[in-house]
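In this note's numbering, the protein residues as written are 289 to 647.
Quick notes on the structure that follows.
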């Protein structure tokens with residue numbers, strides 16, 4: 289008897305046709321998942337963050353009369369652009385769309401934009417409720433999923449603190465330069481040399497990097513870190529005075545501000561910090577201006593890694609309100625360090641030869 293019951297159950301299971309299944313996925317913000325941190329929205333931004341809802345028929349039966357309702361949380365403003373799905377509209381905080389048929393293995397998606405709240409007091413989670421209903425040969429089915437995102441407060445106080453810190457660094461550097469009359473240490477030839485090298489960095493190699501950066505993808509930073517390290521070591525070897533690196537990168541940013549129209553006054557202290565770090569290492573190693581290959585490599589790695597860390601972990605989230613995936617940000621810092629390493633090795637040989645030619 290037990291064997292008969294088991295056989296009947298098995299026959300009943302295999303005789304039951306496989307049902308259709310509707311899979312729902314949401315992506316926000318609609319940027320590269322490999323680069324940008326997903327499911328994070330910044331309050332107070334002036335643009336709409338794009339979101340994509342993808343519907344996939346993972347079963348073996350067609351689905352009909354698919355209705356999708358997306359409830360947008362926190363009274364976010366909704367922007368609906370023209371797209372392939374024509375039967376889509378917005379009613380208050382709800383997005384509704386209808387799809388007539390979705391065959392097995394097919395998928396369809398629709399895109400909308402949401403503007404995060406102007407301000408929130410604390411970091412909080414918010415859920416996009418996505419309700420679906422559809423019909424197949426077994427009847428009508430419905431489902432509901434919640435896609436949770438993290439809303440981050442606008443970093444206004446962090447921005448102000450960053451600006452104040454930058455200005456503080458700027459004031460300290462100028463105060464030290466004024467007290468010790470640092471500029472008087474540099475001859476006219478020294479200043480011309482620094483200005484020439486700064487022009488090459490801020491104009492020529494920056495244009496080269498901006499033009500060809502995308503061709504190398506994540507390795508594009510090497511186009512900038514290697515030549516900058518080489519030229520920095522040349523400046524250290526030819527000028528050989530405390531404050532050379534700080535003055536070099538200060539002039540680089542002033543040149544960039546004039547040529548490219550960038551406003552870096554508020555952030556000048558942070559850009560100068562790259563040179564301050566190198567000059568501090570020069571003093572730490574007993575006024576070694578890259579005279580050894582080891583110190584040349586250390587200077588290159590330190591400046592390059594700090595520069596890229598500054599971009600991905602300070603300027604990007606605080607100033608531009610862009611959150612990169614941590615692994616991607618750290619990999620870019622690592623690639624920058626590799627660029628500093630290569631530039632240090634190459635720059636050491638070039639700088640030594642140029643100094644030898646001058647002597």
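Every residue gets a Cβ at the ideal spot worked out from N, C-alpha and C, and that includes glycine.
Computed from a prediction, not measured in an experiment: that's the story for all the values here.
Going by beta carbon distance, what residues of the same chain come within less than 8 Å of residue i, once the five residues before and after it are set aside?
{"i": "residue 500", "result": "508 and 511"}
{"i": "residue 434", "result": "415, 416, 417 and 418"}
{"i": "residue 371", "result": "398 and 399"}
Please list the terminal residues of the continuous alpha helix (DSSP H) segment that includes residue i.
{"i": "residue 501", "result": "494 to 504"}
{"i": "residue 585", "result": "581 to 598"}
{"i": "residue 481", "result": "476 to 487"}
{"i": "residue 640", "result": "614 to 646"}
{"i": "residue 608", "result": "Run containing residue 608: none; DSSP gives neither H nor E here."}
{"i": "residue 515", "result": "510 to 527"}
{"i": "residue 408", "result": "First-last for residue 408: undefined, no H or E at that position."}
Return the chain-ordered list of same chain residues with a C-beta closer than 6 Å to the C-beta of residue i, the five sequence neighbours on each side being excluded.
{"i": "residue 555", "result": "454"}
{"i": "residue 383", "result": "358 and 400"}
{"i": "residue 478", "result": "527"}
{"i": "residue 653", "result": "Here the chain covers residues 289 to 647 and nothing more, so residue 653 does not appear."}
{"i": "residue 313", "result": "342"}
{"i": "residue 405", "result": "331 and 362"}
For residue i, list the residues DSSP reports as bridge partners.
{"i": "residue 387", "result": "354"}
{"i": "residue 403", "result": "365"}
{"i": "residue 382", "result": "359 and 379"}
{"i": "residue 324", "result": "612"}
{"i": "residue 397", "result": "342"}
Less than 7 Å between the beta carbons of residue i and residue j, yes or no?
{"i": "residue 595", "j": "residue 541", "result": "no"}
{"i": "residue 350", "j": "residue 389", "result": "yes"}
{"i": "residue 592", "j": "residue 538", "result": "no"}
{"i": "residue 324", "j": "residue 423", "result": "no"}
{"i": "residue 587", "j": "residue 566", "result": "yes"}
{"i": "residue 488", "j": "residue 557", "result": "no"}
{"i": "residue 378", "j": "residue 387", "result": "no"}
Would you kindly report the start and end of the unbroken beta strand (DSSP E) that includes residue i?
{"i": "residue 423", "result": "412 to 424"}
{"i": "residue 329", "result": "328 to 330"}
{"i": "residue 313", "result": "310 to 315"}
{"i": "residue 340", "result": "337 to 345"}
{"i": "residue 439", "result": "427 to 440"}
Considering only residues of the same chain and omitting the five flanking positions on each side of residue i, which have a CB-CB separation below 7 Å?
{"i": "residue 496", "result": "511"}
{"i": "residue 638", "result": "518 and 522"}
{"i": "residue 583", "result": "573 and 576"}
{"i": "residue 295", "result": "Low local confidence applies: a pLDDT of 49 at residue 295 is under 50, so the model's placement there is unreliable, with the coordinate-based value given in what follows. Contacts found: none."}
{"i": "residue 640", "result": "525"}
{"i": "residue 306", "result": "Because residue 306 carries a pLDDT of 42, less than 50, the predicted location of this residue cannot be relied on, and the following value inherits that uncertainty. Around residue 306: 347 and 348."}
{"i": "residue 629", "result": "585, 588 and 589"}
{"i": "residue 385", "result": "356, 373, 375, 376 and 398"}
Are the C-beta atoms of residue i and some chain D residue less than 7 Å apart?
{"i": "residue 614", "result": "No chain D appears in this structure, which consists of one protein chain only."}
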